[in-house]
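First comes the structure, then the notes that go with it.
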Amino acid sequence: MRVPDPDIDEGDALIVVDVQRDFLPGGSLAVADGDAVIAPLNGWLSRFAAAGRPLFATRDWHPPDHCSFRAQGGPWPPHCVAGTAGAEFPAALQLPAAARIVSKATTRDRDAYSGFAGTDLDAQLRAAGVRRVFVGGLATDYCVLNTVLDARRLGYATVLLADAVRAVDVAPGDGARAVAAMLAAGATVHGG
Numbered sequence: 001m002r003v004p005d006p007d008i009d010e011g012d013a014l015i016v017v018d019v020q021r022d023f024l025p026g027g028s029l030a031v032a033d034g035d036a037v038i039a040p041l042n043g044w045l046s047r048f049a050a051a052g053r054p055l056f057a058t059r060d061w062h063p064p065d066h067c068s069f070r071a072q073g074g075p076w077p078p079h080c081v082a083g084t085a086g087a088e089f090p091a092a093l094q095l096p097a098a099a100r101i102v103s104k105a106t107t108r109d110r111d112a113y114s115g116f117a118g119t120d121l122d123a124q125l126r127a128a129g130v131r132r133v134f135v136g137g138l139a140t141d142y143c144v145l146n147t148v149l150d151a152r153r154l155g156y157a158t159v160l161l162a163d164a165v166r167a168v169d170v171a172p173g174d175g176a177r178a179v180a181a182m183l184a185a186g187a188t189v190h191g192g
């Protein structure tokens, strides 16, 4: 279900998923048109900051020998290695100083697509009194999908920011199937 431009309420938070240089054009695991998420996310970051609501940014923060890398038998080229330029948020993404950074997949032997997997994101949201999350970032069919599904499983009302996501589409239509799965799980869609 698509919703009109929602007001930001007291129980809301924004989650920006994995907008990192390696996932942008020119990066080692670039999402086609991935940089198109930055402008709409900057708008949401500004709105949430002005409303004084919590802002979170997840990031892959892998060791050099992470299990998701092809050299270790995983499906992906090396990407978002902790402390490298590719793991950085792009300068164009206007993350306020108050944004809380959530690092995931930080150990060699465990992958994590969801911002909730192996992190304290749920605990931080609950401590802030959050009941509804707005989610955008990269990529629709992997980390956004899993973050949204976990948010729903954990009981958060969830709004997918459709104009602020892009898909990898390893198989054609993966992004559309991911959106359908998020809707089936009870998320709503704004924009797009």
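Each residue of the sequence shown is one higher than the one before, counting from 1 in UniProt numbering. Built from N, CA and C at the ideal position, the CB exists for glycine as well. Every value quoted in this text rests on a predicted model; they were computed, and no experiment measured them.
Burial check for ALA57: the Cβ neighbour count within 10 Å reaches 16 or more, so the residue is buried.
The distance from the Cβ of ARG108 to that of HIS66 is about 6 Å, consistent with a contact at the 8 Å cut-off. Between the alpha carbons of TYR142 and LEU154 lies a distance of about 18 Å.
Here VAL17 is not near LEU95, since their CB atoms are 9 Å or more apart. GLY115 has no beta-bridge partner at all, per DSSP. For secondary structure counted as the beta strand (DSSP E) over 3 or more consecutive residues, the stretch 70-151 holds these complete runs in sequence order: 100-104, 132-138. DSSP places ILE15 within a strand segment (E or B) once states are collapsed to three. The stretch 10-24 and the stretch 110-130 touch, with three or more beta-carbon pairs separated by less than 8 Å. Going by DSSP, ARG59 is part of the beta strand (DSSP E) stretching over 55-60. In the DSSP assignment, LEU160 falls within the unbroken beta strand (DSSP E) covering 157-166.
At a Cβ-Cβ threshold of 9 Å, ALA164 and TRP44 count as neighbours.
Distance from the Cα of ALA127 is smallest, within the candidate group ILE38, ALA112, ARG53, for ARG53. With the rule of 3 Cβ pairs closer than 8 Å, the stretch 81-96 counts as touching the stretch 30-49. Rounded to the nearest angstrom, the gap between the Cα atoms of ARG110 and PRO172 is 27 Å.
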